[in-house]
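Undergrad: Below: one structure in structure tokens.
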Amino acid sequence: MKEKTPLLQRDGTRSVLASLISILIGLAAGALVVFLVGLFNKSMSVKSAWEGIRLIFLGLFSTGRSASGSLSFGFNPVTFGNMLFRATPLILTGLSVAVAYKTGLFNIGAPGQYLAGTAATLFIALEIPSSSVPAWLIWILAFLGGMIAGAVWGAVPGMLKAFLNINEVLACIMTNWISANLVTWMFDVSNLKNTVENTKTAYIYKTSFNGVQTPKMLLDKIFPGSQVNGGIIIAILLAVLMYIVFTKTTFGYELKACGANRHAARYAGIKDKRSIVLSMAIAGAMAGAGASLYWLAGNTEFYWSTYQSLPATGFNGIPVALLAVCNPIAVIFTGMFMSMLDIAGQQLTALTAYNEYITDVIISVIVYLSAFSLVIKLWLGGKAKKTAGPKPDANAEDPAPAVKTAANGKEAGE
Amino acid sequence: MEQQTSEYVIEMLHITKEFPGIKANDDITLQLRKGEIHALLGENGAGKSTLMSVLFGLYQPEQGEIRKNGQPVKIASPNDATALHIGMVHQHFKLVDVFTVLDNIILGAEDTKLGFLQKKDARAKVKALSEQYGLHVDLDAKVEDITVGMQQRTEILKMLYRDNEILIFDEPTAVLTPQEIEELMQIMRNLAAEGKSILFISHKLNEIMEVSDRVTVLRKGKYVGTIDTAGTTKEELSRMMVGRPVQLVVDKVPARPKEAVLTVEGLTVPSKVHKHDAVKNVSFTAHAGEIVCIAGIDGNGQTEFVQALTGLEKASAGRIELCGHDITHQSIRSRSQTGMSHIPEDRHKHGLVLDFTLEQNMVLQRYYEPQFQNHGFIRFGEVRSYAEKLIEQYDVRSGQGPVTVARSMSGGNQQKAIVAREIDRDLPLIVAVQPTRGLDVGAIEYIHKQLVAQRDAGKAVLLVSLELDEVMNLSDRILVMYEGEIVGELDPKKTTVEELGLYMAGAKRQGKERESA
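Below, the structure written as structure tokens:
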């Protein structure tokens, strides 16, 4: 069947196009804001508005200003590497939301799971003395610890859903805040507060303080001067792993069956409660891994007083997953795209009179649109969907070959 | 509005509706007289549902015209149909599971005062309707907690509540008990007598013969003819519908029961809706090579019994032995592996994962077997060829073969897929719960033949059915369940439908009297 379907009519192609359309509209909206701000601000000229628009689309390739003062573009290893570094946790929180969604669950608890992973990772990475335990072992323990903490934190709403039929969204919202307060309290009473650079308050040591850091895996040679490290490779491997688990294995089949129809899954002897808990635990493990990889980079400090705000990385997993239509492989690219917007925002701040909040506008437009990506997808499906989709009752009784040829003919014609 | 004298309240003239690759309706004419009961007869996929969707504004026909009282009308959406007082009880219920029965009935037609719901009058009206027509429902029960039969009654009440003039019943009797069907027939006659016009979609010949005034027959999207019911026979109708003579009663040789396959002793299952037990102290044995039927009116504990038997719910007392193994406390999976296949009552809820493809559904009970997986990785090639084999062997028709999404298949083919999957597992016990619910005569004939063939191959078949015809035709032994108890064991060759009805209604019982809980 598949090789007969024209490229443009494939479900996957439509998903990609739908996401691209969302992204383009989002970028266009950002450009419009830049233009309007430039228009009504006396200190800005049309030229600076045009520069802003160009940076929104090409921020990743910005190399600063040339001697003549105009913007220059090209391959910039620093921004590129930083983009990959920032994409790492986004890819993983995106995976967290995506895999839960594939099993019929909406994991809005990624921020809480991310924080749980943060706490476990930082405690393990900083509390085990690298003088007596090799740093690579501490790194592995910290990474696994972060994943497990995230998994446990994800399993809680999973269990509430499975055994007490409590909506996972409500449970996740609550576990998010429980996590935020718990983490704040844990670090508040800990001895990990950064006392060396005491101009800063409420920060925790970087893991590199204890000599624990994610290996660069040669990426620093490709992107010299940037923050990138091997974490991005681990994130990509985890995405591929999730893709394999959910499309190729009986385990993934069970989880998806359970998500699509819990009753039928039970009827077929699948342990539905176990599946729901496991789905959420896997989702939590992904968010926890995102946190681990972010902090184990060792070049960022954790601001521990989180009780008033949840990490945006957790919530940004939602648009990352939705833009990817919950395909784990696509999550890699949408995660990178979201972090690219971040970079574009930095460039706006650095090179023009605009600030990075423009990118928040873009992200929010895309978030809205990504919720519509299914609608866009159906619209791309066009008439074929409209007419053939809902009423195959009639088709069903006709000899299959006739339907097939006719359907193919129709698709080719479009 | 000018004077019109059409004798027809609704006319659908030369309707043609095409879908890619198929004319679902090809030049179909249907004329409904005021105050008549007009049956629309056809197999699954004959185009009945499409035609009704056109009338209901869900589809726009490519050709043809709809007239009401002789005036051409345009029905562009269900709202237009509602404005013309056309109401429909759908084949698949359109109910909100988590709403109460009353809320479902008034949904979309609520009385409000200052934005607040006024349910008092609605409640009184619904109560009056339900008493008037004997459509008993618990107005405050949530739809997800009530039986399929009661959901159907809710649907019918919904339509009656809206004072519709033209009433479309889309296979309304599929899940009703014989008594309820009788009552419904009476309701339909009353409604017609009051001047309402009824379109009755069905493929149950008995009902059509009994209640309708005229019949329009469709076959494969084409109009076959319209005839007066009084001047025709069941055989003629089934020939018109299927296009060939149909065997209405399946041929079978006398059963030769062998060893016991399933032994149930004193099985008791608590009810979820009330404090009493839904199944009380049920004991029986099913042998290899026989079809044992559990007959009874819907809601007498059959559902709970099957759930306890298959492991979906827990029994509070009793013992179940399958092929010599005590499975009373076994999991669903291990019961299934011990030798039980299960054609479930609700094909959408339990039988299929509707958003999965046909091939994924075909291996729903077997995906973990070595044939279909290798170290936890699905063997897609095996799955595909197995699904293709079943599709071929059991003639499951669908738009795209193995990769068709189950949701898009017709009800009859969905059921065929489940029957194929369960029978092909080749296990000693087949639990078949209403296996022909909502199917047309051709499909029923097919499934009945399959079940008899399984019996002859030495399987024990436990049939749970509400259809008296099916019970009488198919079973070798009948166990009648009434209020959770087996009140009689009958031999279909030595009993009559009337006697069976008395047992089912609780008016008669065998053996020692048990105290009722």
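Heads up: the protein sequence lines correspond to chains A and B, in order.
For this note's numbering, count along the first sequence from 1 and bump the result up by 3.
For this note's numbering, count along the second sequence from 1 and bump the result up by 708.
Cβ atoms here follow ideal geometry from the backbone N, Cα and C, with glycine treated the same way.
1) Could you run through the region 1037-1053 of chain B and flag, in chain order, every residue whose CB is less than 9 Å away from some CB of chain A?
2) Along the region 1074-1087 of chain B, where does the CB come closer than 7 Å to a CB of chain A? Name the residues.
3) Nearest-angstrom Cα distance between Asp735 (chain B) and Leu837 (chain B)?
4) To the nearest angstrom, how far is it from the Cα of Arg17 (chain A) to the Cα of Val781 (chain B)?
5) Is the CB-CB distance between Ser211 (chain A) and Asn302 (chain A) below 9 Å?
6) From the DSSP output, in three-state form, read off Cys1001 (chain B) for me.
7) Under 9 Å between C-beta atoms, does Ser18 (chain A) make it to chain B?
8) Can you pull out the residues from the region 263-275 of chain A whose beta carbon lies closer than 9 Å to at least one beta carbon of chain B?
9) Quick check on DSSP: helix, strand or coil for Glu773 (chain B)?
10) Once you ignore the five residues that flank Gly392 (chain A) on each side, which residues in its own chain have a CB closer than 7 Å to its CB?
11) Can you find the residues in the same chain that come closer than 8 Å, C-beta to C-beta, to Pro953 (chain B), ignoring five residues on each side of it along the sequence?
12) Comparing the C-beta of Leu1020 (chain B) with each C-beta of chain A, is any distance below 9 Å?
13) Against chain A, with Cβ distances strictly below 9 Å, would Phe1064 (chain B) count as a contact?
14) Have a look at Leu383 (chain A) and Leu344 (chain A) and give me their C-alpha separation to the nearest angstrom.
15) For the beta strand (DSSP E) containing Gly67 (chain A), list its first residue and its last residue.
16) Specify, as a first and last residue, the run of the beta strand (DSSP E) that Asp1132 (chain B) falls within.
17) I'd like the span of the alpha helix (DSSP H) that includes Ile127 (chain A), first residue to last.
18) Applying the criterion that 16 or more other CB atoms from any shown protein chain within 10 Å of the CB defines a buried residue, is Phe423 (chain A) buried or exposed?
19) Per DSSP, what kind of secondary structure is Glu1207 (chain B) in: helix, strand or coil?
20) Are the CB atoms of Asp921 (chain B) and Ala901 (chain B) nearer to each other than 9 Å?
21) State yes or no: is the beta carbon of Phe166 (chain A) nearer than 9 Å to at least one beta carbon in chain B?
22) Going residue by residue through the region 767-836 of chain B, where are the continuous alpha helix (DSSP H) segments of at least 4 residues, counting only ones entirely within it?
23) Taking 8 Å as the threshold, find out whether the region 1056-1069 of chain B comes into contact with the region 1029-1036 of chain B through three or more Cβ pairs.
24) I'd like to know whether the C-beta of Ser1224 (chain B) is nearer than 9 Å to at least one C-beta of chain A.
25) Give, in chain order, every unbroken run of the beta strand (DSSP E) that is at least 3 residues long and sits entirely within the region 1042-1091 of chain B.
26) In chain order, which alpha helix (DSSP H) runs of at least 4 residues are fully inside the region 220-268 of chain A?
27) Return the residues of the region 234-263 of chain A that lie within a Cβ-Cβ distance of less than 7 Å from chain B, sorted by chain order.
28) Alpha carbon to alpha carbon, how far is Met341 (chain A) from Gly234 (chain A)? Give it in angstroms, no decimals.
29) Could you pull the DSSP bridge partners for Met1189 (chain B) from this structure?
30) Is Arg927 (chain B) helix, strand or coil by DSSP?
31) By how many angstroms is the C-alpha of Arg1115 (chain B) removed from the C-alpha of Leu381 (chain A)?
32) Examine chain A for any beta-carbon lying closer than 9 Å to the beta-carbon of Gly1059 (chain B), and answer yes or no.
33) For Ile346 (chain A), count neighbouring C-beta atoms within 10 Å of its own C-beta (all shown protein chains included) and say buried if the count is 16 or more, exposed if not.
34) Between the C-alpha atoms of Val1266 (chain B) and Tyr1154 (chain B), what's the straight-line distance to the nearest angstrom?
35) Only counting runs of 4 or more residues, tell me where the alpha helix (DSSP H) segments fall wholly within the region 837-916 of chain B, in order along the chain.
36) To the nearest angstrom, how far is it from the Cα of Pro1136 (chain B) to the Cα of Glu852 (chain B)?
TA: Walking through what the data contain:
1) The residues in question are Ser1039, Ile1040, Arg1041, Ser1042, Arg1043, Ser1044, Gln1045, His1050 and Pro1052.
2) The region 1074-1087 of chain B vs chain A, Cβ under 7 Å: Tyr1075, Tyr1076, Gln1081, Gly1084, Phe1085 and Ile1086.
3) Along the second sequence, one-based indexing puts residue 735 (chain B) at 27. Along the second sequence, one-based indexing puts residue 837 (chain B) at 129. C-alpha of Asp735 (chain B) to C-alpha of Leu837 (chain B): approximately 38 Å in a straight line.
4) By one-based count along the first sequence, residue 17 (chain A) stands at place 14. By one-based count along the second sequence, residue 781 (chain B) stands at place 73. When only Cα atoms are considered, Arg17 (chain A) and Val781 (chain B) end up about 38 Å apart.
5) Locating residue 211 (chain A) in the first sequence gives position 208, where the first residue counts as 1. Locating residue 302 (chain A) in the first sequence gives position 299, where the first residue counts as 1. Against a cut-off of 9 Å, the Cβ pair of Asn302 (chain A) and Ser211 (chain A) comes out as a contact.
6) Stepping through the second sequence from its first residue, residue 1001 (chain B) is reached at position 293. Here Cys1001 (chain B) sits in strand by DSSP.
7) As a first step, residue 18 (chain A) must be located in the first sequence, where it is residue number 15. No, because no Cβ of chain B sits closer than 9 Å to the Cβ of Ser18 (chain A).
8) Residues passing the 9 Å Cβ filter: Ala263, Asn264, His266, Ala267, Ala268, Arg269, Tyr270, Ala271, Gly272, Ile273 and Lys274.
9) As a first step, residue 773 (chain B) is located in the second sequence; it is residue number 65 there, counting from the start. The three-state secondary structure of Glu773 (chain B), taken from DSSP, is strand.
10) Within the first sequence, residue 392 (chain A) is the residue found at index 389, counting from 1. Caution applies to Gly392 (chain A), whose pLDDT of 38 falls short of 50 and renders its modelled position unreliable; the model cannot decide the point.
11) The residue labelled residue 953 (chain B) in the question sits at position 245 within the second sequence. If you ignore the 5 residues before and after Pro953 (chain B), its C-beta comes within less than 8 Å of the C-beta of Glu943, Ser946 and Arg947, all in its own chain and listed in chain order.
12) Here the question's residue 1020 (chain B) lines up with position 312 in the second sequence. So yes, Leu1020 (chain B) belongs to the interface.
13) Along the second sequence, read from residue 1 onward, the residue named residue 1064 (chain B) stands at position 356. Chain A, which has a Cβ nearer than 9 Å to the Cβ of Phe1064 (chain B), makes this yes.
14) On the first sequence, residue 383 (chain A) is found 380 positions in, with the first residue counted as 1. On the first sequence, residue 344 (chain A) is found 341 positions in, with the first residue counted as 1. C-alpha separation (whole angstroms): 26 Å.
15) Translated into positions along the first sequence, residue 67 (chain A) becomes position 64. For Gly67 (chain A), the uninterrupted beta strand (DSSP E) run begins and ends at Ser65 to Arg68, by DSSP.
16) Residue numbering aside, residue 1132 (chain B) sits at position 424 when the second sequence is read from its first letter. According to the DSSP assignment, Asp1132 (chain B) belongs to no beta strand (DSSP E) but to the alpha helix (DSSP H) extending over Gly1119 to Asp1132.
17) Taking the first residue of the first sequence as position 1, residue 127 (chain A) is located at position 124. First-last of the alpha helix (DSSP H) with Ile127 (chain A): Ala113 to Glu130.
18) As shown, chain A starts at 4 and ends at 417. That puts residue 423 (chain A) outside it, with no answer to give.
19) Stepping through the second sequence from its first residue, residue 1207 (chain B) is reached at position 499. Per DSSP, reduced to three states, the secondary structure at Glu1207 (chain B) is helical.
20) Within the second sequence, the letter at position 213 stands for residue 921 (chain B). Within the second sequence, the letter at position 193 stands for residue 901 (chain B). No, the Cβ-Cβ distance between Asp921 (chain B) and Ala901 (chain B) is not below 9 Å.
21) As a position in the first sequence, residue 166 (chain A) is number 163, starting the count at 1. Under the Cβ distance rule, Phe166 (chain A) does not count among the residues neighbouring chain B, no pair being separated by less than 9 Å.
22) Within the region 767-836 of chain B, the complete alpha helix (DSSP H) runs of at least 4 residues fall at 786-791 and 809-814.
23) Taking 8 Å as the limit for Cβ pairs, the verdict is that the region 1029-1036 of chain B does not touch the region 1056-1069 of chain B.
24) Looking up residue 1224 (chain B) in the second sequence gives position 516. Residue confidence is low: Ser1224 (chain B) scores 40 on pLDDT, short of 50, so the model does not pin down where it sits. Its coordinate-derived value is still stated next. Proximity of Ser1224 (chain B) to chain A, defined by a Cβ-Cβ separation below 9 Å, is not satisfied.
25) Qualifying beta strand (DSSP E) stretches, in chain order: 1048-1051.
26) Fully enclosed alpha helix (DSSP H) runs of 4 or longer: 222-225, 234-251 and 253-263.
27) Hits within the stretch, in order: Lys251, Thr252, Thr253, Phe254, Tyr256, Ala260 and Ala263.
28) Taking the first residue of the first sequence as 1, we reach residue 234 (chain A) at position 231. Taking the first residue of the first sequence as 1, we reach residue 341 (chain A) at position 338. Take the alpha-carbon of Gly234 (chain A) and the one of Met341 (chain A): they are about 17 Å apart.
29) Here the question's residue 1189 (chain B) lines up with position 481 in the second sequence. Paired residues: B:Ile1194.
30) Indexing the second sequence from 1 puts residue 927 (chain B) at position 219. Here Arg927 (chain B) sits in strand by DSSP.
31) Position 378 of the first sequence, counting from 1, holds the residue named residue 381 (chain A). Position 407 of the second sequence, counting from 1, holds the residue named residue 1115 (chain B). So the alpha carbons of these two residues sit roughly 17 Å apart.
32) Working through the second sequence from its first residue, we reach residue 1059 (chain B) at position 351. With a threshold of 9 Å between beta carbons, Gly1059 (chain B) makes contact with chain A.
33) As a position in the first sequence, residue 346 (chain A) is number 343, starting the count at 1. With 16 or more Cβ atoms within 10 Å of its Cβ, Ile346 (chain A) is classed as buried.
34) Residue 1266 (chain B) falls outside the range modelled here, since chain B spans only 709 to 1225, and no answer is possible.
35) For the region 837-916 of chain B, the continuous alpha helix (DSSP H) assignments of 4+ residues that do not extend past its boundaries occur at 856-869 and 886-901, in sequence order.
36) As a position in the second sequence, residue 1136 (chain B) is number 428, starting the count at 1. As a position in the second sequence, residue 852 (chain B) is number 144, starting the count at 1. So the alpha carbons of these two residues sit roughly 33 Å apart.
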